[in-house]
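Trainee:
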Amino acid sequence: MEWSDDAVILALRRHGETSAIASLLTRSHGRQSGLVRGARSRASRSFLQPGSRVRATWRARLAEHLGTLSFEPLAAVPPDVLDDGGRLAALAAACAVADAALPEREPHEAAYAGMLAVLASLADDAVWPSALVKWELGLLQALGYGLDLSTCAATGATDDLAYVSPRSGRAVSRGAGTPYHGRLLTLPAFLVSAGAIGSRADAVAGLELTGYFLERNVFRAHGRPLPQPRARLLDILRRTAGIR
487 MEWSDDAVIL
497 ALRRHGETSA
507 IASLLTRSHG
517 RQSGLVRGAR
527 SRASRSFLQP
537 GSRVRATWRA
547 RLAEHLGTLS
557 FEPLAAVPPD
567 VLDDGGRLAA
577 LAAACAVADA
587 ALPEREPHEA
597 AYAGMLAVLA
607 SLADDAVWPS
617 ALVKWELGLL
627 QALGYGLDLS
637 TCAATGATDD
647 LAYVSPRSGR
657 AVSRGAGTPY
667 HGRLLTLPAF
677 LVSAGAIGSR
687 ADAVAGLELT
697 GYFLERNVFR
707 AHGRPLPQPR
717 ARLLDILRRT
727 AGIR
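Per the working numbering, residue 487 is the first one in the sequence shown, and the count goes up by one each step.
1. What residue range is occupied by the uninterrupted alpha helix (DSSP H) comprising LEU731?
2. PHE676 bridges to which residues according to DSSP?
3. Would the segment 671–684 count as touching the segment 589–600 if we require 3 or more Cβ pairs under 8 angstroms?
4. Would you call GLU503 buried or exposed, if buried means 16 or more other Cβ atoms sit within 10 Å of its Cβ?
5. Would you report the Cα separation of SER538 and ALA578, rounded to the nearest angstrom?
6. Reducing DSSP to helix, strand and coil, say where VAL563 ends up.
7. Tell me whether PRO665 is buried or exposed, calling it buried when 16 or more other Cβ atoms sit within 10 Å of its Cβ.
8. Grab the span of the alpha helix (DSSP H) containing GLU595 for me, first residue to last.
9. Please list the segments of the alpha helix (DSSP H) lying wholly inside the segment 501–573, counting only runs of 4 or more residues, in order along the chain.
10. Use the C-beta contact count for ASP569: other C-beta atoms within 10 angstroms, 16 or more gives buried, fewer gives exposed.
11. Could you tell me which uninterrupted alpha helix (DSSP H) segments, each at least 4 residues in length, are contained entirely in the segment 642–729, listed from first to last along the chain?
12. Contact defined as beta carbons within less than 8 angstroms: I believe HIS501 pairs with ILE507. What is the distance between those atoms, to the nearest angstrom?
13. Is ARG528 buried or exposed, if buried means 16 or more other CB atoms sit within 10 Å of its CB?
14. Considering only residues of the same chain and omitting the five flanking positions on each side of ALA617, which have a CB-CB separation below 7 angstroms?
15. For the putative contact between PRO536 and ALA497, defined by C-beta atoms under 8 angstroms, what is the C-beta separation to the nearest angstrom?
16. By DSSP, does ASP634 sit in helix, in strand, or in coil?
17. Is the beta carbon of LEU574 less than 8 angstroms from the beta carbon of LEU521?
18. Cα separation between GLY632 and SER509?
19. When the distance is taken between beta carbons, is LEU560 closer than 8 angstroms to ASP491?
20. At the level of alpha carbons, what is the spacing between ALA542 and GLY572?
21. Starting from the C-beta of PRO593, find all residues in its chain whose C-beta is less than 7 angstroms away, skip the five residues before and the five after it, and write them out in chain order.
22. Quick check: what's the CA-CA separation for HIS667 versus TRP621?
Here is the structure:
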């Protein structure tokens, strides 16, 4: 069996002296893994890293086998991302969450398109934190745990939405939610305005929101915590936003 597809490398795990097991997010084949021979060679190391875009070819005798992967490089991670602690942490977090949350060999084209949007956003330091939050919202939707941020769960209002119910995942207006704000999650305004971006503090609130539902609905069911790279990113954003 054989297929070829555009992909983003999510993770590489050493296998033997010269090879690695690669995990990819592909455009049409979902998350896929395979053996990469010679992955530790100098030529391969230059582009075989999380966040690199490749044209991948997977081959195996049977569909259920691990298979082998070969690559044609499309776009490496830009040097300015590798040299910036915050953006590199964002890239690591997105790749780690996708690798851990997405089931293997199930198509998720929306998650792939969102990952490309996150990679593109890393060129703008003001944009990438909001883009990452929106990608995680989309990931929850793709996994069947989408939040309803369109109307207030209590009143049906569509304006001044400020909270999210941790039980239902539905938005709550400021007026309806203020008496119970200690039991509700904060909904940053940029998540209910198409094309909007938020501040670093808004991004922290957004990641706390998506992180709550990712942990409860996706990771806890498998007895795992949220990936460590995501926790490190949240710490970085809290520090840069002046949040303790």
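Where a beta carbon is used, it is the ideal one built from N, C-alpha and C, also for glycine.
Mentor: Here's the rundown:
1. Because residue 731 is not part of the residues shown, which for the chain are 487 to 730, the question remains open.
2. In DSSP, PHE676 forms no bridge with anything.
3. No contact exists between the segment 671–684 and the segment 589–600.
4. For GLU503, the number of other beta carbons within 10 angstroms of its own is below 16, and it is reported as exposed.
5. Rounded to the nearest angstrom, the two C-alpha atoms are 11 angstroms apart.
6. Here VAL563 sits in coil by DSSP.
7. Flag for PRO665 reads exposed.
8. Taken as a continuous stretch (DSSP letters only), the alpha helix (DSSP H) holding GLU595 covers 595–607.
9. For secondary structure counted as the alpha helix (DSSP H) over 4 or more consecutive residues, the segment 501–573 holds these complete runs in sequence order: 528–531 and 565–568.
10. Label assigned to ASP569: exposed.
11. Listed in chain order, the complete alpha helix (DSSP H) runs (minimum 4 residues) inside the segment 642–729 are 660–663, 686–700 and 714–726.
12. Right, their Cβ atoms sit about 5 angstroms apart.
13. ARG528 comes out exposed.
14. The answer, listed in chain order, is ALA603, VAL604 and SER607.
15. The Cβ separation is near 6 angstroms, so the contact holds.
16. Note: ASP634 maps to strand in three-state DSSP.
17. The answer is no: Cβ separation not under 8 angstroms.
18. Going by C-alpha positions, GLY632 is about 25 angstroms away from SER509.
19. Against a cut-off of 8 angstroms, the Cβ pair of LEU560 and ASP491 comes out as no contact.
20. Going from the Cα of ALA542 to the Cα of GLY572 covers about 28 angstroms.
21. Correct list, in chain order: SER514, HIS515 and GLY516.
22. HIS667 and TRP621 have their C-alpha atoms roughly 26 angstroms apart.
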